[in-house]
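Every letter in the sequence shown is one number past the one before it in the UniProt record's numbering, and letter 88, counting from 1, is 88.
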Amino acid sequence: MAASTSSDSSLKVTVASKVPFADLCSTMEKIQKNKARADKNKFFQDFLESWRSFHNALHKNDPNTTDSFYPAMRLILPQMERERMAYGIKETMLAKLYIEVLGLSKDGKDALKLLNYRAPTSSHGGVGDFAEIAFFVLAQRCSDQCTLTVQEVNEHLDSIALNNSAKRKNQVKKSLLDLIRQSTALQQKWLIRMILKDMKLGISQQTIFQLFHPDAAELHSVTTDLERVCKQLHDPNVSLSDVSIMLFSAFKPMLAAVTNIKNIEKQMHNQSFYLETKLDGERMQLHKDGDVYKYFSRNGYDYTQQFGTSPLVGSLTPFIHRVFKPTIQNCILDGEMMAYNPTTQTFMQKGNKFDIKRMVEDSDLQTCFCVFDVLMVNGKKLAHETLRNRHETLQAIFTPVPGRVQVVEKIEMNTKKDVADALNEAIDKREEGIMVKDPLSVYKPDKRGEGWLKIKPEYIDGLMDELDILIVGGYFGKGHRGGMVSHFLCAVAEPPSPGDKPSVFHSLCRVGSGYTMKELYDLGLKLADHWKPYHRRDAPANILCGTEKPEVYIEPCNSVILQVKAAEIVKSDMYKTSCSLRFPRIERIRDDKEWYECMTLNDLDQLQNMAEGKLASKHVDMNDEEPHKKKRKAVPKVKKVVGIAEQFKGQDLSCVDKVSSIFDDVEFCVLNGPHNHPKADLEKGIAECGGLVVQNPGPDTYCVVADTVNVRVKNLIAANTHDVVMVDWLLNCLQKKQILPWQPKHMIHMSPSTEEHFAQEYDHYGDSYFVNTDESQLREVFKRMDQPEQKFSFETIADLEQRYSWDTSPLSMFRHCVIYMDMDFPSAISDPNSQIRDTSLDLRALELRYYGAKVVGELNEGVSHVVKHDRGQHLQKLKSLRRTFERKFKIVSESWVTDSVKAGIVQDERNYLL
């Protein structure tokens with residue numbers, strides 16, 4: 001459809017009103033399904049370029065148009081629009097709505113799938129992923145036709161957000177129903193992910209920004225405005241010349257990195273540094289221009305209505321307006337919003353039950369803004385000035401008023417002992433910790449560290465009181481922890497009578513961090529058979545809960561104790577103890593303690609009273625060696641056991657006599673064995689040790705055992721979901737009557753999780769970082785070093801950079817390339833005795849190395865690209881040679897390198913093939 005020539009019409013007709021929502025969903029489906037980063041990037045770029053081309057045709061390159069990529073970008077990155085897109089909708093509400101809309105029986109299989117999407121199931125994948133399970137349920141029930149456009153989807157979602165903020169729940173439901181009825185199953189899968197703000201695309205927001213425009217991430221860091229980014233940077237050929245902090249535009253603040261006291265002097269370049277108290281409030285930025293004020297949180301939320309847009313309203317602005325010096329017309333201040341008790345003249349900690357962002361005027365507490373930085377004064381931007389200069393400027397902006405607006409004191413210090421003394425003082429004062437800042441640091445929005453460091457007692461081993469609490473309940477995980485209990489409800493015991501074991505337990509906290517995946521699998525194996533569904537109407541009498549209820553529970557006598565570290569004990573009505581732990585994390589699983597040896601209510605009260613709830617009661621002593629972190633005990637690989645899948649059994653093992661329990665409830669799939677230990681004998685040995693045998697590996701299979709790599713083994717390796725282990729490992733376990741840890745020599749193939757675990761335990765040649773090596777093992781390592789093709793496929797640095805999106809920097813654009821420079825210069829060909837080299841390719845080689853490539857001197861197997869001069873000869877000879885290679889390299893012109901360097905991103909090599 002051609003756009004109207006009138007300006008009014010052109011504003012109404014947008015790209016979003018013409019692009020089908022189905023096209024966007026199809027693009028996201030391709031991005032999610034494809035594992036290769038380059039392909040993911042290309043799918044997004046193709047959609048973006050198509051959008052821009054249509055935009056140019058629709059608006060005839062009109063510079064005044066406000067149309068942009070924003071309608072699509074906010075759907076692709078919904079987590080960036082948390083304030084505008086607040087729906088108040090979670091998985092449970094969606095499940096109930098789908099059950100109602102589809103007319104499903106509440107006790108039916110599909111209804112239970114939706115309601116219990118995190119519970120383990122062997123009949124369908126996507127455990128823990130509500131959108132995937134909903135798609136499975138909807139696939140046979142929805143129309144495959146849809147006329148929704150991107151604009152219409154945004155309008156529906158905006159309506160949901162608006163009704164949610166106005167607390168019109170019925171309207172929220174109505175808007176959601178309208179959207180569901182007009183969508184296909186695939187589109188609803190992506191709508192659910194947008195609503196839940198969990199896209200699972202496998203591509204980071206920084207990569208999306210980089211592909212959209214090189215300056216997008218930087219502009220967003222100083223504005224936190226996605227719409228502005230899309231409008232201002234719509235043309236990829238226009239660079240943003242002045243990206244900086246602006247008045248009345250929220251920016252992402254600079255953050256501090258965690259550090260070790262012993263490294264302070266080195267990190268501060270052996271120069272003096274500033275030390276501040278780490279305040280326990282809400283990070284806030286204040287923008288002032290005359291009588292107009294705005295307040296933004298760390299995440300860019302606008303809290304101006306609470307604190308006051310003018311001197312006449314709000315919990316803070318009326319009390320600080322007159323403290324600014326007459327010469328100050330406008331300014332931007334960065335600081336911490338605190339709750340101040342005027343009676344005790346002390347600041348309240350966040351752990352106490354109050355919300356600084358919602359304090360009312362008649363509260364006993366008052367709002368106080370503690371300022372530690374200034375970014376603008378009278379139109380002059382100060383971010384690029386040193387902290388020392390900014391701090392001097394800050395002193396002249398306003399007159400501090402205790403309890404209303406204060407300057408955070410900076411003390412200049414020189415040694416790590418000064419830092420240790422300051423931290424000890426903070427511990428005594430029950431403060432959160434301390435900050436250390438480089439006086440020469442400049443302000444970098446959305447950067448962590450860069451001269452700002454933080455130290456809390458919980459970061460230092462040996463300072464925190466730890467709690468031994470009992471697991472009494474559990475919650476199923478999501479994502480890669482789907483299908484297993486990944487979070488735990490923990491409790492303390494009522495003190496029993498002397499000589500008796502405790503019988504009643506009070507819930508204290510929910511904890512789900514601090515463990516490794518290995519430890520979680522191990523714990524899951526131990527508790528798997530004892531979990532029971534928790535029913536609120538028929539709750540166990542010996543486990544007392546507050547408003548927080550678990551999904552499953554476990555009888556205390558079958559449970560284990562967790563050693564938990566936390567910042568402090570805080571009041572809470574969610575748990576039966578009327579208190580909880582702030583920032584709890586698991587330190588270790590106490591296998592050395594019985595279930596009845598957990599903490600009691602008396603122990604908890606004593607801890608709470610000892611330090612006003614703070615769990616840091618010890619001091620740092622710089623004269624002592626800092627305690628080393630406890631090394632996690634190396635344990636055999638054990639995967640979760642969620643259910644038993646014994647279908648397709650090859651032989652009847654029910655009559656086998658059990659002689660050992662080493663493989664109790666562990667499931668194996670034996671594919672083949674050597675002549676002296678055939679498959680049937682191996683399966684019988686597993687059964688004698690309590691193990692389960694299946695003929696086809698499933699989600700509960702611990703590993704696949706094989707002796708030879710046949711077609712079936714190759715197919716399993718290609719699927720990359722199971723570990724394939726040599727028969728020798730199984731024979732060793734059976735011989736020694738214990739489950740032995742895997743070593744690199746045992747592995748035919750490793751699943752991604754095992755490969756990640758091995759990468760932390762072994763080097764590139766399979767040599768352990770921790771376990772002593774004997775002569776035979778050392779010989780095996782040397783053999784692998786002599787045979788590069790035998791190396792283990794652990795992740796390279798480049799793989800890790802890609803996984804964690806560290807390679808989005810242009811300096812890493814060629815990280816995955818192995819390149820041979822073909823120095824086939826015409827002069828050298830016409831005159832064999834010529835000493836002339838292709839100096840332009842020498843320069844290209846330097847550029848490639850600078851941007852992360854590996855440039856090799858010989859054309860051998862493993863080379864990914866051959867870069868050749870556009871005028872070079874012998875092209876056919878190169879192509880003939882390529883046919884002999886197992887991995888075919890690409891022959892590209894040198895302009896591929898120059899164009900990529902110029903664009904800051906690797907160009908599509910297909911356009912440069914020779």
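Note that beta-carbon positions come from the ideal geometry of N, C-alpha and C, so glycine has one too. These numbers were taken from a predicted model, which means no experiment stands behind them.
C-alpha gap between residue i and residue j, whole angstroms
i           : j           : result
residue 436 : residue 335 : 15 Å
residue 910 : residue 66  : 35 Å
residue 177 : residue 101 : 8 Å
residue 257 : residue 248 : 27 Å
residue 181 : residue 86  : 21 Å
residue 276 : residue 301 : 26 Å
residue 718 : residue 852 : 29 Å
residue 207 : residue 575 : 41 Å
residue 896 : residue 255 : 38 Å
residue 789 : residue 69  : In this predicted model, residue 789 has a pLDDT of only 44, less than 50, meaning its place in the structure is not dependable; the value taken from the coordinates is given anyway. Computed Cα separation, rounded: 47 Å.
residue 423 : residue 456 : 8 Å
residue 579 : residue 50  : 55 Å
residue 768 : residue 729 : 17 Å
residue 644 : residue 520 : No answer about residue 644 holds up, because its pLDDT of 38 lies below 50 and its placement is not dependable.
residue 497 : residue 507 : 20 Å
residue 410 : residue 386 : 14 Å
residue 23  : residue 220 : 26 Å
residue 526 : residue 664 : 10 Å
residue 672 : residue 748 : 13 Å
residue 281 : residue 495 : 36 Å
residue 464 : residue 604 : 14 Å
Per-residue burial, residue i [other beta carbons within 10 Å of its own, 16 or more giving buried]
i           : result
residue 165 : exposed
residue 738 : exposed
residue 269 : exposed
residue 606 : exposed
residue 343 : exposed
residue 669 : buried
residue 776 : exposed
residue 287 : buried
residue 163 : buried
residue 213 : buried
residue 272 : exposed
residue 64  : exposed
residue 57  : exposed
Helix, strand or coil at residue i [DSSP, three-state]
i           : result
residue 581 : strand
residue 269 : coil
residue 73  : helix
residue 386 : coil
residue 437 : strand
residue 247 : coil
residue 473 : strand
residue 330 : strand
residue 718 : helix
residue 442 : coil
residue 11  : Residue placement at residue 11 is flagged as unreliable, the pLDDT there being 47, under the threshold of 50; the coordinate-derived value follows with that caveat. Reduced to three states, the DSSP call for residue 11 is helix.
residue 503 : coil
Within 8 Å, strictly: CB atoms of residue i and residue j
i           : j           : result
residue 531 : residue 560 : no
residue 130 : residue 192 : yes
residue 296 : residue 250 : yes
residue 848 : residue 894 : no
residue 946 : residue 493 : In the structure as shown, the chain starts at 1 and stops at 914, and residue 946 therefore has no counterpart that could be examined.
residue 440 : residue 388 : yes
residue 148 : residue 21  : yes
residue 371 : residue 407 : yes
residue 707 : residue 593 : no
residue 369 : residue 323 : no
residue 855 : residue 905 : no
residue 822 : residue 867 : yes
residue 482 : residue 128 : yes
- Does the segment 500-514 come close enough to the segment 469-487 that 3 or more CB-CB pairs lie under 8 Å? Output reads yes: the segment 500-514 touches the segment 469-487.
- Message: For the pair the segment 180-194 and the segment 112-120, tell me if three or more CB-CB distances fall below 8 Å.
- Response: Contact fails: fewer than three Cβ-Cβ distances are below 8 Å.
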